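See below for the structure under consideration.
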Amino acid sequence: MRSAQSQFRTALFDPDIAVPRGLLDGLDRPAGKRFDVYRNNVVMSLKEALSHSFPVIEKLLGIHNFSSLAGLYVREHPPADPRMMLYGAEFPAYLEGFKPLAHLSYLGDVARLELAQRRSYHARDATPIDPAVFSTLPPKVLARAQVHFVPAVHTLRSLWPILDIWHFNMTDGAPKPAARAQDVLIARQEFDPSMHALPVGGADLIEALRAGTLLGDALENIEQIHPDFDFPSLLGLLLQTGAIGTVTPINDQKD
Amino acid sequence: MFDATRARRPDLPNAPGVGYKPQHFANILEAPAPVEWLEIHAENYMGQGGRPLAQLRHLSERFPVSVHGVGLSIGGEGALDSEHLARLKTLCDWLSPASFSEHLAWSSHENAFLNDLLPLPYTNATLERVADHIDQVQDVLGRQMLLENPSSYLAFRESTMRETEFLGALAQRTGCGLLLDVNNVFVSATNLQLDARAYIDDFPLECVGEIHLGGHDEDMDDHGAPLLIDSHGREVADPVWALLEYTLARSGPRPLLIEWDTDVPDWPTLAAEAQRGARALAHTP
């Protein structure tokens, strides 16, 4: 037999299932509608958490559609633990797998952008490297250095103009997005994450650096694929947004 | 049983506090009166850094802070989530709060967190289990915890104890303190047709380390009977203030928290509720 809390939980998420037996009102009559208070609390609070976390998806779908979809999602993917700030990690993939929305192929990546912003907001604090210090490093040392990013940095690659879509929905007067691929850098200077479009190849370079590739090697690889790659402007962006934490020269060359 | 002598005694002042909302950060630093302490929901401060933790660090330098957990599922059938308990320990070790409290409720089951405080029957078996969970919490945190009475919308046929009896037995067995939510008492008493003052008379008031007050909504059940919902989305209702006075007359002054979690008002509105709490405390013998 299933435990009492198992039955309670199943009935919470399915209004078509009868209220578990043994639940009463104050006069020992079946609890009836009183059980719906818990049904409402659970589903509404989880839906509100999703709506709070994915405001652009809610705008794109409309409040009514978002609410219906969220109702399905929270039943299939309740939070794994009580940290609601982490809730919704499977939502981007869920949007992509939801057949009636298959024509809105960009939704998943826009949701990933919103998720990454939230992760950046709660990421561990770290002091970025001082651009003045960075500029004193000789090019030879830099070429054989590993570049470490602060924890609040995220990159996203998309076939869709996800940053333009985000601004079109959240920033007054932002232009209508034009069809194009867009890679995005998310950084956080003090407390508020900022988002920046990355030049072509920028996300590849950052990912290579994160994997521990030396800066010189990573740049060489990128320039082979994108001969016009503008490293100085990307470096300017990374320094200006406080994205780089430390630079570690690697001395593995024998004399 | 938890040895209270090795615990930091709760040192929340017998004064009004409020549930902290980030939109009130500047108001609280500029003109907190009559609010003298703050309560946070533990789970909102389990990120790695950023503004939430920075604000909390700042506030904890100025005010006594109460850490109020809403996700430990102390009334759950299964074992406590040891990872979540470890996160609570990390937070409490970092913050050294004046108080830590949780609920007589369950909220997680089979690896799903349901984000609500769900009810349990009051039997010898559930008493045993909840007492074990409280022992574990107090051992891991190395401090006394307060356990809060729930708001009830229904009762269990299998219950063999009154809630006050159940809470009293838990306090006696585990050495935990109690958090008395007077609005929850009013909500439960209305919903289950019990006498709220008799509940207070039965409550082990000597164990109460903190009192909660919040607003509720009104609905109706299938039979047209009033069904109050503990929504924390408005002013505390007048009969709840009356029940508070009744309680304070018996308990003496206690740390008094105003909870307002949804449709959060501007600071002056919240401070006015706290001021009403300050008056109630001032009239306490």
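Protein sequences appear in the order of chains Y and X. For the first sequence, the numbering used here begins at 1 and goes up steadily by one. For the second sequence, the numbering used here begins at 1001 and goes up steadily by one. Glycine included, each C-beta is placed from N, C-alpha and C at the ideal position. Quick caveat, the model's predicted, so the values are computed rather than measured.
Specify, as a first and last residue, the run of the beta strand (DSSP E) that G1071/X falls within. Secondary structure note for G1071/X: it is in no beta strand (DSSP E), with a DSSP letter that is neither H nor E.
Measure the Cβ-Cβ separation of A1031/X and V1065/X and say whether it is below 8 Å. Not closer than 8 Å, so no.
Limits of the unbroken beta strand (DSSP E) element including T246/Y: From DSSP, the beta strand (DSSP E) with T246/Y extends over 244-249.
Please tell me whether G88/Y has its Cβ less than 8 Å away from any Cβ of chain X. At a cut-off of 8 Å, the C-beta of G88/Y has no neighbouring C-beta in chain X.
Per DSSP, what are the beta-bridge partners of I1229/X in this structure? Paired residue(s): D1217/X.
The ligand HEM and R112/Y: does the residue's C-beta get closer than 7 Å to at least one heavy atom of that ligand? Here there are no bound small molecules, and the ligand HEM is not part of this structure.
Taking buried to mean at least 16 other C-beta atoms within 10 Å of its own C-beta, is W166/Y buried or exposed? It counts as buried.
CB contact below 8 Å: M84/Y versus chain X: At a cut-off of 8 Å between beta-carbon atoms, M84/Y makes contact with chain X.
Counting only runs that start and end within the region 61-144 of chain Y, where is the alpha helix (DSSP H) found for 4 or more residues in a row? If we require 4 residues or more, the alpha helix (DSSP H) runs fully inside the region 61-144 of chain Y come out as 63-76, 91-97, 107-122, 131-135, 139-143.
Looking only at C-alpha atoms, which of P1285/X, D1135/X, E1218/X sits nearest to V37/Y? Nearest of P1285/X, D1135/X, E1218/X to V37/Y, Cα basis: E1218/X.
Span of the beta strand (DSSP E) around Q182/Y: Run containing Q182/Y: 182-188, per the beta strand (DSSP E) assignment.
Extent of the continuous alpha helix (DSSP H) to which M1145/X belongs: Looking at the DSSP string, M1145/X is not in any alpha helix (DSSP H), and its letter there is neither H nor E.
What's the call for D204/Y, buried or exposed, on a 16-neighbour Cβ count within 10 Å? Per the 10 Å Cβ criterion, buried.
Taking 8 Å as the cut-off, decide whether the C-beta atoms of V1332/X and E1273/X are in contact. The first residue shown for chain X is 1001 and the last is 1285, placing residue 1332/X beyond what the model contains.
Compare the C-alpha of D1261/X against each of R1276/X, G1233/X, L1167/X, G1277/X and name the closest. When C-alpha distances from D1261/X are compared across R1276/X, G1233/X, L1167/X, G1277/X, the shortest belongs to G1233/X.
Does any C-beta atom of chain X lie closer than 8 Å to the C-beta of R34/Y? Among the residues facing chain X, R34/Y is included, as its CB has a counterpart in that chain under 8 Å away.
For R180/Y, would you say it is in contact with chain X, using Cβ-to-Cβ distances shorter than 8 Å as the test? False, the Cβ-Cβ gap to chain X never drops below 8 Å.
From the DSSP output, in three-state form, read off R2/Y for me. Here R2/Y sits in coil by DSSP.
Measuring straight from C-alpha to C-alpha, what distance separates I63/Y and L50/Y? Those two C-alpha atoms are separated by around 12 Å.
Are the Cβ atoms of V1035/X and P1052/X separated by less than 8 Å? Taking 8 Å as the Cβ cut-off, V1035/X and P1052/X do not qualify as a contacting pair.
Go ahead and pull the three-state DSSP assignment for D16/Y. Reduced to three states, the DSSP call for D16/Y is coil.
Would you be able to state if there are at least three C-beta pairs under 8 Å between the region 1119-1135 of chain X and the region 54-63 of chain Y? The answer is no - the region 1119-1135 of chain X does not touch the region 54-63 of chain Y, with fewer than three Cβ pairs under 8 Å.
G202/Y versus P193/Y, I225/Y, L23/Y, residue with shortest Cα-Cα distance: Among P193/Y, I225/Y, L23/Y, the Cα nearest to that of G202/Y belongs to I225/Y.
Under the DSSP definition of a beta bridge, which residues are partnered with S1101/X? S1101/X pairs with H1068/X, L1146/X.
So that I know if they touch, is there some Cβ in chain X lying closer than 8 Å to that of R124/Y? Taking Cβ atoms only, chain X reaches closer than 8 Å to R124/Y, which makes this a yes.
What span of residues does the alpha helix (DSSP H) with P1239/X cover, start to end? Run containing P1239/X: 1238-1251, per the alpha helix (DSSP H) assignment.
Contact criterion: CB-CB distance below 8 Å. Does A70/Y meet it with respect to chain X? Among the residues facing chain X, A70/Y is not included, as its CB has no counterpart in that chain under 8 Å away.
Give a yes or no on whether 8 Å exceeds the smallest Cβ distance from Y73/Y to chain X. For Y73/Y, no CB of chain X lies under 8 Å from its own CB, so it is not counted at the interface with that chain.
In the DSSP assignment, the alpha helix (DSSP H) including H167/Y goes from what residue to what residue? From DSSP, the alpha helix (DSSP H) with H167/Y extends over 162-170.
On the DSSP bridge list, what partners appear for G22/Y? Bridge pairing for G22/Y: absent [DSSP].
Which whole runs of the alpha helix (DSSP H) in the region 1149-1202 of chain X are 4 residues long or more, in chain order? Under the rule that a run must span 4 or more residues, the alpha helix (DSSP H) segments found entirely inside the region 1149-1202 of chain X read 1163-1174, 1182-1191, 1196-1202.
Decide yes or no for the touch test of the region 100-116 of chain Y against the region 132-145 of chain Y: beta carbon pairs closer than 8 Å, at least 3 of them. Because the criterion of three Cβ pairs below 8 Å is not met, the region 100-116 of chain Y and the region 132-145 of chain Y do not touch.
Roughly how many angstroms separate the alpha carbons of A1278/X and C1092/X, rounded to a whole number? Between the alpha carbons of A1278/X and C1092/X lies a gap of roughly 28 Å.
Contact set between the region 1085-1116 of chain X and chain Y, restricted to residues whose Cβ is under 9 Å from the partner: Of all residues in the region 1085-1116 of chain X, only R1087, W1106, S1107, S1108, H1109, E1110, N1111, A1112, F1113, L1114, N1115, D1116 come within less than 9 Å of chain Y when Cβ atoms are compared, listed by chain position.
DSSP three-state assignment for Q146/Y, whether helix, strand or coil: Three-state result, Q146/Y: strand.
Three-state class that DSSP yields for W1037/X in the structure shown: Residue state for W1037/X is assigned as strand, using DSSP reduced to three classes.
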